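Position 2 of the sequence shown, counting from 1, maps to 123 under this note's numbering, and the rest follow consecutively. Glycine is no exception: its CB is placed at the ideal position from the N, C-alpha and C atoms. Remember, it's a predicted structure, so these values are computed and weren't measured experimentally. What follows is a set of notes on a single structure, which appears directly below.
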Amino acid sequence: MKEKMKKSFIQDIKVEKTKKALNIKCKEIIDSLNGFNLLEKYIILKTLIDSFVESCEEEGLGFMELKKKWKKKK
Numbered sequence: 122m123k124e125k126m127k128k129s130f131i132q133d134i135k136v137e138k139t140k141k142a143l144n145i146k147c148k149e150i151i152d153s154l155n156g157f158n159l160l161e162k163y164i165i166l167k168t169l170i171d172s173f174v175e176s177c178e179e180e181g182l183g184f185m186e187l188k189k190k191w192k193k194k195k
């Protein structure tokens, strides 16, 4: 039982490191878009995502896009 928990803990650490690395990479990509306004950044990133989804579909991979409902700030 302890060994199973230990493996799970190690996997959690690996996932967390991967998430952190991906977040850092995402921030680097967004920061590299200096000189573009927010709309242009959105269009660039949306096009990148659409291209990725299309590539996945061509390779027969499924892809599900989650959308978050935006809340208006008061």
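Pairwise C-alpha distance: residue j and residue i
| i | j | result |
| --- | --- | --- |
| L169 | S129 | 33 Å |
| S153 | I164 | 15 Å |
| F157 | K146 | 19 Å |
| E178 | K140 | 24 Å |
| I150 | L143 | 10 Å |
| G181 | S172 | 14 Å |
| K194 | L166 | 24 Å |
| V174 | E161 | 20 Å |
Per-residue DSSP class, three states only, for residue i
| i | result |
| --- | --- |
| N144 | helix |
| K190 | coil |
| E179 | helix |
Beta-carbon proximity list for residue i, same chain, < 8 Å, skipping 5 on both sides
| i | result |
| --- | --- |
| G183 | C177 |
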